[in-house]
Amino acid sequence: MKVFKTLLSMDRSTLKCLICGRNASCHNYGVLTCNACKMFFRRVVIEQITYQCRNWKKCLENADQFKPRCKACRFEKCVRLGMKLGPIAMEKLYKTKPMSHPDFATNALIQEVLYLNYTKRYKLCNFYTSENPTLEEMVQTTFWSGMKRKTEKQEISVAEWSFQATYIAVETFLSLEFMNLIENDEKVVLLRNFSSKSIVLDSAMRALNAKVDRVTTPDGEDIYSDIILSMFSAGFLNSIQCGLVSRVAELKVTELEHAMLSVLLFCNPAIHPLSERTRRLLATRQKSYSSTLLQYCLLSYQQSGPSRFADLLSISHVINKTSEDANSLTTLCQLYFPKSKLKHLLIDTCINA
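According to the UniProt record's numbering, the sequence shown holds residues 1 to 353 in order.
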């Protein structure tokens, strides 16, 4: 027994924290870290602290020499490697930021989807990947994010923004706990069906939060070039850019409603081809998300709760139409401009959807 304890101690001493390189204690919030990095990440998220890098965001360029002096870059590394708080810690976060009704401060399901939504938005604004995986490769790989911190001067095209958003959306949906119970080929079916729909919904909500009436890139640029504006009708382009924004603005959709609607629509048991087992699993998850959203509407909007719930679900029709039109535009642009190569993930989720 003494020999076993010695060997165990030696093994643990060789484990290094993936954030700072010190000796690691164990897996904390999904990543092998030391206790210091564990507590740092927990405090930043729960207290919602924002740090600024004083080294032009270059602290992580030499990972071997990185020391956790820069708190901004340290937190970004935590997020990039996949650290995620559990339900108990998330309860403390949302108790400090009350929702429309106190009963929802302790709802673990809501906490999970809100945090995933936050992480998705944070990554899109701050990280970038130069990888070019197919959808199948992202699903089949035991996936570690290849995203790195964006530089100040990095210019990103509209097509590249679309790819980055899709990459992050796929990562996010794959991280849902129940996805581990679904076969890889069926994960591909689900992601191919909903990735572009997720992007148009997220883009519309970004416009709503920015108080603008149309979708722009995350850095505020127009999504249409002059040549696109000259080739297609204004009505067609405006329906893609403004239609869904107008609807979510009319309803004043909240962040919680956006997050819940996204996962609810993702869990669609009616798409093909899916096994009966997977259909039952998705139906169960969709019912759970739907029930939680309905309870939220009833508690937050009282007598108007049922109609509010129906209005939120009706957004799916606008999402589907906007996604179809956006995918058609992407396909036509590929035909007209064959030298403009799209990344594999966009082809899989937009053109081959």
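A virtual CB, placed ideally from N, CA and C, is assigned to each residue, including glycine.
Remember, it's a predicted structure, so these values are computed and weren't measured experimentally.
Next item on the list: Compute the Euclidean distance between the alpha carbons of Ile271 and Leu190, then round it to the nearest angstrom.
Entry: For Ile271 and Leu190, the gap between their C-alpha atoms comes out near 8 Å.
Check: Looking at Ile223 and the ligand COA, is the gap between the Cβ and the nearest heavy atom below 7 Å?
Finding: By its list of ligands, the structure shown contains no ligand whatsoever, and the ligand COA lies outside what it can speak to.
Check: Which residues in the same chain have their Cβ closer than 7 Å to the Cβ of Leu7, if we skip the five residues on either side of it in sequence?
Finding: Confidence at Leu7 is low in this model, with a pLDDT of 35, below 50, so its placement is unreliable and no value can be given for it.
Notebook entry, point to check: What's the C-alpha gap between Gln302 and Ala108?
Noted result: Each residue's CA atom was taken as its position, placing Gln302 and Ala108 some 22 Å apart.
Next item on the list: Give the straight-line distance between the Cα atoms of Phe337 and Asn184, rounded to the nearest whole angstrom.
Entry: Cα to Cα, the separation comes out at about 33 Å.
Next item on the list: Report the three-state DSSP secondary structure of Cys26 (helix, strand or coil).
Entry: Annotated three-state conformation of Cys26 is strand, per DSSP.
Margin query: Under 8 Å, with one C-beta from each stretch per pair, do the segment 297-312 and the segment 241-257 reach the 3-pair mark?
Written below: Yes, since at least three Cβ pairs between the segment 297-312 and the segment 241-257 fall closer than 8 Å, the two stretches touch.
Check: Taking just the CA atoms, how far does Lys123 sit from Glu137?
Finding: Using only the alpha carbons, I get a separation of about 20 Å.
Notebook entry, point to check: Are the segment 110-125 and the segment 171-183 in contact at 8 Å, needing three or more beta carbon pairs?
Noted result: Flag = yes, the segment 110-125 and the segment 171-183 touch.
Next item on the list: Use the C-beta contact count for Ser9: other C-beta atoms within 10 angstroms, 16 or more gives buried, fewer gives exposed.
Entry: Below a pLDDT of 50, predicted positions are generally treated as unreliable, and Ser9, at 46, falls in that range; no measurement from the model is reported.
Checklist line | Cβ pair Leu244, Thr134 closer than 8 Å | finding: Their beta carbons are not under 8 Å apart, which means Leu244 does not touch Thr134 by this criterion.
Check: For the candidate residues Met179, Tyr167, Cys125, Pro269, whose alpha-carbon lies nearest to that of Gly220?
Finding: Closest option to Gly220, Cα to Cα, is Cys125.
Check: Expressed to the nearest angstrom, what Euclidean distance is found between the alpha-carbon atoms of Ser262 and Ile19?
Finding: For Ser262 and Ile19, the distance between alpha carbons rounds to 31 Å.
Check: DSSP state of residue 376, grouped into three classes?
Finding: What the structure shows of the chain is the stretch from 1 to 353, and residue 376 is not part of that stretch, so it cannot be assessed.
Notebook entry, point to check: Under a three-way DSSP split, which group does Asp222 fall into?
Noted result: In the structure shown, Asp222 sits in a strand (DSSP, three-state: E or B).
Check: Is Arg149 helix, strand or coil when you go by DSSP?
Finding: Arg149 carries a strand assignment under DSSP once its states are collapsed to helix, strand and coil.
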